[in-house]
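Asker:
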């Protein structure tokens with residue numbers, strides 16, 4: 281899936297111009313949310329101490345850490361048609377920690393490979409129980425087990441960094457957003473032939489519609505060694521391409537296109553309760569207006585092959601710890 285940071289960050293940038301009335305009501309009621317703070321309580325990394333701002337602007341300008349997930353849910357006909365995951369559940373197909381610097385003019389997007397083996401902490405489960413700690417388990421099992429709450433707790437346990445917010449978008453939402461902005465232009469360095477993602481591209485520059493952009497984001501068997509690590513580079517290209525396309529599209533002069541983009545974003549979005557209204561998303565979008573694609577750095581959490589399984593990876597220390605420390 282996405283490649284989520286592009287959808288989550290770039291998408292909210294357009295919401296600040298959406299009008300009131302029925303349109304506002306409709307978009308506001310599109311958004312689904314999860315009370316992550318209430319579920320996790322105080323058993324979390326501490327919040328960073330905010331630096332007092334000298335600016336008179338009513339918009340927030342402090343640093344933020346946002347966990348952005350792309351889920352491979354097959355819930356609904358649109359997701360199923362695009363090749364989502366098992367119909368009985370969903371996994372975090374893509375995970376990115378988006379760190380927005382103080383001043384909100386620069387950001388770092390850190391991809392966490394889904395094949396990473398982690399210690400999954402005890403999590404509240406949707407049924408009302410509590411899961412046991414699991415050692416050496418796949419990172420994306422946290423979402424399958426306990427949804428957004430367990431995904432956030434696992435990321436915080438792995439990184440030692442508190443997530444201020446949570447954003448999740450599904451397959452159909454990503455495809456709709458790409459189509460709404462007129463596609464994304466991506467350059468591939470090698471031919472891609474992946475029957476599993478149904479993508480066949482020659483090396484070069486391509487304008488991709490939503491379905492093909494999603495296929496590129498999911499591709500792993502047609503590039504490199506077929507691992508999750510190879511496709512992360514493609515996902516990060518998509519993040520920047522989507523940011524660039526949204527910034528170059530004249531949304532403010534086309535109410536119909538603006539509504540189409542906003543509807544695509546909100547209709548497939550799940551957030552924490554701190555971002556579960558159009559007003560809160562609008563405020564976030566407005567605070568990120570100075571953030572351009574040129575000032576978004578994309579990196580992957582340093583990893584090495586897992587000693588227990590050549591098909592899995594683990595965080596490479598001390599490099600991974602040093603990276604996360606920079607985001608606190």
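In the numbering used here, the protein residues as written are 281 to 608.
Don't be surprised by glycine CBs; every beta carbon is placed ideally from N, CA and C.
The structure presented is a predicted model; accordingly, all values stated were derived computationally and were not measured.
Looking at residue 460: is its Cβ nearer than 9 Å to the Cβ of residue 577?
Answerer: no
Asker: Return helix, strand or coil for residue 499, following the three-state DSSP convention.
Answerer: Residue 499 falls in the coil class under three-state DSSP.
Asker: Quick one, are the C-beta atoms of residue 398 and residue 434 less than 9 Å apart?
Answerer: yes
Asker: Please state whether the Cβ-Cβ distance between residue 570 and residue 342 is less than 9 Å.
Answerer: no
Asker: Does DSSP put residue 591 in a helix, a strand or coil?
Answerer: strand
Asker: Starting from residue 577, trace the beta strand (DSSP E) both ways and give me its first and last residue.
Answerer: 576-580
Asker: Strictly by DSSP, which residues pair up with residue 404?
Answerer: Residue 404 pairs with 410.
Asker: Helix or strand or just coil, what does DSSP make of residue 609?
Answerer: Nothing can be reported for residue 609, as the shown portion of the chain is limited to 281 through 608.
Asker: Which value, in whole angstroms, describes the spacing of the CA atoms of residue 362 and residue 329?
Answerer: At residue 362, the pLDDT of 47 sits below 50, so the modelled position is not reliable; the number obtained from the coordinates is stated separately. Straight-line Cα distance between these residues: approximately 43 Å.
Asker: So, is residue 467 buried or exposed, given that buried needs 16 or more other C-beta atoms within 10 angstroms?
Answerer: Residue 467 should be labelled exposed.
Asker: DSSP state of residue 327, grouped into three classes?
Answerer: coil
Asker: Between 325, 412, 419, which lies nearest to residue 592 when the distance is taken from Cα to Cα?
Answerer: 419
Asker: Who does residue 312 pair with in a DSSP beta bridge?
Answerer: In DSSP, residue 312 forms a bridge with 550.
Asker: In three-state terms, what does DSSP make of residue 472?
Answerer: It is a strand residue.
Asker: Rounded to the nearest angstrom, what separates residue 448 and residue 550 at their Cα positions?
Answerer: C-alpha of residue 448 to C-alpha of residue 550: approximately 5 Å in a straight line.
Asker: List the whole-angstrom C-beta distance separating residue 416 from residue 314, where the pair is believed to meet the contact cut-off of C-beta under 8 Å.
Answerer: No, residue 416 and residue 314 are not in contact; Cβ-Cβ is about 27 Å, not under 8 Å.
Asker: Spatial neighbours of residue 425 within its chain, please: C-beta separation below 8 Å, excluding the five flanking residues on both sides.
Answerer: Annotation for residue 425: 400, 403, 405, 411 place their beta carbon closer than 8 Å to its own, counting only its chain and skipping 5 residues before and after.
Asker: Looking at the structure shown, is residue 306 part of a helix, part of a strand, or coil, going by DSSP?
Answerer: helix
Asker: Should the segment 547-565 be regarded as contacting the segment 480-490, the criterion being three or more beta carbon pairs within less than 8 Å?
Answerer: Short answer: they don't touch.
Asker: Does DSSP put residue 379 in a helix, in a strand, or in coil?
Answerer: In the structure shown, residue 379 sits in a strand (DSSP, three-state: E or B).
Asker: When burial is assigned at 16 or more other CB atoms within 10 Å of the CB, is residue 351 buried or exposed?
Answerer: buried
Asker: Could you tell me which of 495, 508, 394, 436 sits nearest to residue 464, measuring between CA atoms?
Answerer: Among 495, 508, 394, 436, the Cα nearest to that of residue 464 is on 495.
Asker: Per DSSP, what kind of secondary structure is residue 385 in: helix, strand or coil?
Answerer: Reduced to three states, the DSSP call for residue 385 is coil.
Asker: By DSSP, does residue 391 sit in helix, in strand, or in coil?
Answerer: strand
Asker: Where does the unbroken alpha helix (DSSP H) through residue 565 begin, and where does it stop?
Answerer: 558-567
Asker: Got a sec? Which residues, its chain only, sit under 8 Å from residue 599 by beta carbon, not counting five neighbours each side?
Answerer: 582
Asker: From this set, 489, 456, 511, which residue's C-alpha is nearest residue 473's C-alpha?
Answerer: 511
Asker: Note down the Cα distance separating residue 597 from residue 395, rounded to an integer number of angstroms.
Answerer: Approximately 17 Å, taken between the alpha carbons.
Asker: Locate the beta strand (DSSP E) running through residue 583, then write down its first and last residues.
Answerer: 583-586
Asker: With distance defined between alpha-carbon atoms, name the residue in 414, 476, 498 nearest to residue 454.
Answerer: Of all alpha-carbon atoms in 414, 476, 498, the one lying nearest the alpha-carbon of residue 454 is that of 498.
Asker: Quick one, which of 552, 322, 414 has its alpha-carbon nearest residue 347's?
Answerer: 552
Asker: What is the residue span of the beta strand (DSSP E) that residue 440 lies within?
Answerer: Run containing residue 440: none; DSSP gives neither H nor E here.
Asker: Which partner residues of residue 481 appear in the DSSP bridge assignment?
Answerer: 472
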